[in-house]
Amino acid sequence: MSTPSRVHDLMIVFDAITGGSVGVTALKEAIPDIIDFVALADCFERIGVLAYRNYTSDNVIQWSGWCFPFSATSTPSQDDILNFVKALEAPDDSEYKSNPASKAALAKAYQEMRAGQNATILLLYTHAPPMFEHTSGRSETSSGYYKFEQLQLLLEYEVTGQFFRDWVTGAHILAGNGFHTKRAVVLSFGSNFSISNWSPYLYLSTMTGGGFYLTTYSGRVISRLTIGLLLVWMRADGNIDIPESSKVAFKRDLTTHTVSEADIERSCGRYSDNLEKTNTLAGPRSCLRVRYDSVNTDNGQFSIYTSRNLARKYIDGDEDYKNVIVEQLDRIISTNVSVIAIHPFYGQLWRAVCSDQTGNNNIKRSLLGKFRAQVSQIPDARDKKQAQTWLEESYTFFHEINEEISALPANRQFPLVCVDPDTIDLQGNQYDAALTRAQLLNIWKSCDMDILGRLGNVLIRMHYVQQEKDMPASMTNSWPCLTPRIPLALIMPEYGGKF
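Okay, here's the thing in structure tokens:
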């Protein structure tokens, strides 16, 4: 199986001051869930977190450093990154919370990005606009902070800083325009519905090929929205559930006229009738996709990130790789088990890990028990139900069985056991065939007569067929498309003895 090289990085940048204690606490809840979820997919080589405040704070910019989630020797480690987020102080609501150092944050982010053809995915969570000269001049205090940031950009970030003194120039630098060798795709998130607060971030996201979203700042919504968008970007298989939010975009291309800081609000929508909002629940998935470098994810090239491929990668991996996967799963279960159930993405991987008999099985054996114990403690009824359903569906082998059967060579398709499709369609028999795993497992506890009767109706319709020529006449026309069957070759050790 060809595997995409993990040459992309994920950087999470967020305003840790102007959202107040409520907004910052929500982000501190969401960011660890986002990191844990995407780290398990192994689609980013490096992950880092950057928090920024205003210039009244002692720590204006705090950077975690880059962690390599799949490296046992990474410094900082993934746990270090999670502890970095946990240790960030939420602002006192009596603090001065205006004029965030947004430009300095982008300058620092650019400084830490790697050069090369691959883009960094930058998640930017905002609460207030950056400082512009024409808006900061409205008060002496704001004007002072604007001038201070302009100076600090030159003093602290040297060559890089000069480009980010102007927001429009900084956006083009992050987009990799001109001679610059670093590139970012920015996904921005805002909560304030005043266009003056978020129009600069809409412009930044548009110029870099990303997207801008207005959403509710709660830990649950932020984590699920972000993870959903990253799954769309990864071209993950399955239905992707994204919380209700608004994607804001431009109707027309902005490259047809010159944009400056002074008129960014006017030229980017308010007076030009150039904005459109799309509800994430109502709009097509295609409107949520962002580019994967210069390649649009619509072309299917990145369908490697499917639940089956993740499971296969684990099965084919060496012991070190398997140990990292198990540790990642254990971390998610221990911190917030509901995160893994956001999407069926990891269902087959979970099943592969739990059934793996190689290496040290102590941790793997304990995962299922720990999962169930943690699910019982989920406080949110919706999340608890989702996690229980996810665990149940992770045992579904339907698609895997069909793929295994299709992959068998012709000389191993027989002997087999099958069910006459004509009898399945008879009245009442479809109900019999729809027995769930939970119902079947319940037989040994209760001997439910209804379930036993339905199971018996299925078993009496099964046929053993030694060769294709022995197929009953009633099944010949439907073979092999419509005949439910299991070739007995699949019980052999080389096929894992699953059946």
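So that you can map any letter, position 245 of the sequence shown is 244 in numbering that gives the first Met the number 0, and since no number is skipped, the others follow by simple counting. Yeah, the Cβ is synthetic: ideal placement off N, Cα and C, and Gly gets one too.
| Check | Outcome |
| --- | --- |
| Where do the N-terminal and C-terminal ends of the alpha helix (DSSP H) with G452 fall, by residue? | M448 to L458 |
| Thinking L49 and A108 are a contact (beta carbons under 8 Å), I'd like their distance in whole angstroms, please. | 6 Å |
| E275 lies in the beta strand (DSSP E); which residues open and close that run? | L274 to N278 |
| Given that a residue counts as buried once 16 or more other Cβ atoms are within 10 Å of its Cβ, and exposed if not, what is M491? | exposed |
| On the three-state DSSP scale, how would you describe N410? | helix |
| Would you call N500 buried or exposed, if buried means 16 or more other Cβ atoms sit within 10 Å of its Cβ? | Look at the range of the chain in this structure, 0 to 498, and you will see that residue 500 is not part of it. |
| Sort out for me which residues DSSP pairs D8 with in a bridge. | R45 and T119 |
| Can you find the residues in the same chain that come closer than 6 Å, C-beta to C-beta, to L253, ignoring five residues on each side of it along the sequence? | none |
| Assuming the contact rule is C-beta atoms closer than 8 Å, I341 and I172 should be a hit. Round their C-beta distance to whole Å, please. | With a Cβ gap of about 34 Å, I341 and I172 do not count as contacting. |
| Would the beta-carbon of L123 fall within 8 Å of that of V185? | yes |
| Spell out a yes or no on whether the region 352 to 372 and the region 410 to 420 are touching, meaning 3 or more CB-CB pairs, one atom from each, closer than 8 Å. | no |
| Alpha carbon to alpha carbon, how far is L228 from Y494? Give it in angstroms, no decimals. | 36 Å |
| Any chance you could list the alpha helix (DSSP H) runs of at least 4 consecutive residues sitting entirely within the region 155 to 190, in chain order? | 166 to 173 |
| Measuring CB atoms only, is the region 218 to 225 touching the region 153 to 162, in the sense that at least three cross pairs come out at less than 8 Å? | no |
| By the three-class DSSP mapping on this structure, what secondary structure does M112 have? | coil |
| Drop a sphere of 10 angstroms on the beta-carbon of E264, count the other beta-carbons inside from all chains shown, and report buried for 16 or more, exposed for fewer. | buried |
| Quick check on the DSSP output: the beta strand (DSSP E) that includes Q373 runs from which residue to which? | Premise fails: Q373 lies in the alpha helix (DSSP H), N361 to V374, not in any beta strand (DSSP E). |
| Counting beta carbon pairs with one atom in the region 349 to 365 and one in the region 60 to 77, are three or more of them shorter than 8 Å? | no |
| Using a threshold of 8 Å, state whether the C-beta atoms of W197 and G189 are closer than that. | yes |
| Contact between the region 96 to 104 and the region 63 to 71: three or more CB pairs below 8 Å? | no |
| Kindly indicate the opening and closing residues of the alpha helix (DSSP H) around C353. | G346 to S354 |
| For A114, I'd like the list of residues in its chain whose CB is within less than 8 Å of its CB, leaving aside the five on either flank, ordered along the chain. | T180 and K181 |
| Looking only at C-alpha atoms, which of Y145, G18 and D32 sits nearest to R330? | D32 |
| Apart from the five residues on each side of it in sequence, which residues of its chain come closer than 8 Å, Cβ to Cβ, to D262? | none |
| Is A114 near the ligand PLP, with its Cβ less than 7 Å from a heavy atom? | Within the structure as shown, the ligand PLP is missing, as the structure has no ligands at all. |
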